[in-house]
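For the sequence shown, this note's numbering begins at 331 and goes up steadily by one.
By construction, the Cβ of each residue, glycine as well, lies at the ideal position given by its N, Cα and C atoms.
Nothing here was measured: the structure is a model prediction, and the numbers come from that model.
Have a look at the structure below before the remarks.
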Amino acid sequence: MDEIIQIKCPFDGAVLSVKNQLGIESKHVTCPICKHKYPFTQFKRVIQSLSNDDPDTEYPDDEHTSYRGEETELDQVNFTLGKLKLLGTGISYQLKPGRNVIGRKGTKSIANFQIDIAEKRTMSREHVVIDVKKVPLKGFVHYISLFKERVNKTYIGNNLLLYGDCIVLNHGDIIKLPDASLQFEIPDDEATEI
């Protein structure tokens, strides 16, 4: 009889119950809540505490996390939507809740935000996706991933973004696309204007 295990979706944090089968590490799992499909290795295994007095959940191994670099602080409530600033131009793009597709300007592009890079064509018409999800008690969380498997190299800071990665963006992160760089910002409505 197969053991039932619980895993946590890297996109929306939903806890799923799946059969722990031989070869599960090479499978993909579709979250029934957000409908995103990820490799099993990107899900964190959830182990319930053995004590009935302690309902907290433990996450035993961090080796399968899709986050790179410093850990993201999700405990800070952020009710402000982020924006992208196209470095060197003064142009900015206000993100909206849901799916935001970024790519190069083109007549056949379906990108919400199309970057005019003149004659260059190393950026795809649909290059990256920033999903903005409202998470209860957390506010808005901004996740970036590649739109499709075959695109030219893209970096978050100095870390290569791979297909299947779902990275939480932090204020100040630099997204290095081919031919352009964007800075992710969360505006501070209470900041003093200079």
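#1: Once DSSP output is grouped into helix, strand and coil, what is the label at Ser422?
#2: Does Phe470 come out as helix, strand or coil in the three-state DSSP assignment?
#3: For Pro508, collect the residues of the same chain with a Cβ closer than 6 Å to its Cβ; drop the 5 residues on either side in sequence, then sort them by chain order.
#4: Should Pro369 be flagged as near chain D, meaning a C-beta pair shorter than 8 Å?
#5: By Cβ distance, which residues of its chain are closer than 7 Å to Ile516, with the 5 residues on each side in sequence left out?
#6: What residue range is occupied by the uninterrupted beta strand (DSSP E) comprising Glu515?
#7: If distances are taken between C-alpha atoms only, which option among Ala344, Ile421, Tyr473 comes closest to Pro427?
#8: Going along the chain, which residues of its own chain have a beta-carbon closer than 6 Å to the beta-carbon of Gly433, five neighbours each way excluded?
#9: In this structure, how does DSSP classify Phe443 when only helix, strand and coil are distinguished?
#10: Which word fits Tyr485, buried or exposed, when buried means at least 16 other C-beta atoms lie within 10 angstroms of its C-beta?
#11: Tell me the rounded alpha-carbon separation between Tyr423 and Val459.
#12: Look at the Cβ atom of Phe341, then the Cβ atom of Val359, and state whether they are nearer than 8 Å.
#13: How far does the beta strand (DSSP E) with Val481 in it extend, from its first residue to its last?
#14: In three-state terms, what does DSSP make of Ser454?
#15: Let me know the secondary structure DSSP gives Glu333 once reduced to three states.
Well, looking at it:
#1: The residue given as residue 422 occupies position 92 in the sequence shown. Ser422: strand per DSSP, three-state reduction.
#2: Taking the first residue of the sequence shown as position 1, residue 470 is located at position 140. Note: Phe470 maps to strand in three-state DSSP.
#3: What you label residue 508 is simply residue 178 of the sequence shown in a count that begins at 1. Answer for Pro508: Thr452, Met453, Asn482, listed in chain order.
#4: No chain D appears in this structure, which consists of one protein chain only.
#5: By one-based count along the sequence shown, residue 516 stands at place 186. Asn408, Thr410, Gly412, His501.
#6: Here residue 515 refers to the residue found at position 185 when the sequence shown is read from its first residue. Run containing Glu515: 510–515, per the beta strand (DSSP E) assignment.
#7: Position 97 of the sequence shown, counting from 1, holds the residue named residue 427. If we check each option's Cα against that of Pro427, Tyr473 comes out closest.
#8: Indexing the sequence shown from 1 puts residue 433 at position 103. Hits under 6 Å: Ser439, Ala441, Ser454, Arg455, Glu456, His457.
#9: Within the sequence shown, numbered from 1, the residue matching residue 443 stands at position 113. Phe443 falls in the strand class under three-state DSSP.
#10: Taking the first residue of the sequence shown as position 1, residue 485 is located at position 155. Counting Cβ neighbours within 10 Å, Tyr485 comes out exposed, since fewer than 16 surround it.
#11: Here residue 423 refers to the residue found at position 93 when the sequence shown is read from its first residue. Here residue 459 refers to the residue found at position 129 when the sequence shown is read from its first residue. Their backbone Cα atoms lie some 13 Å apart in a straight line.
#12: The residue labelled residue 341 in the question sits at position 11 within the sequence shown. The residue labelled residue 359 in the question sits at position 29 within the sequence shown. Going by C-beta atoms, Phe341 is not nearer than 8 Å to Val359.
#13: For the purposes of this step, residue 481 is identified with residue 151 of the sequence shown, where counting begins at 1. Val481 -> no beta strand (DSSP E), and no H or E assigned at all.
#14: Counted from its first residue, the sequence shown places residue 454 at position 124. DSSP places Ser454 in coil when its eight states are reduced to three.
#15: As a first step, residue 333 is located in the sequence shown; it is residue number 3 there, counting from the start. It is a strand residue.
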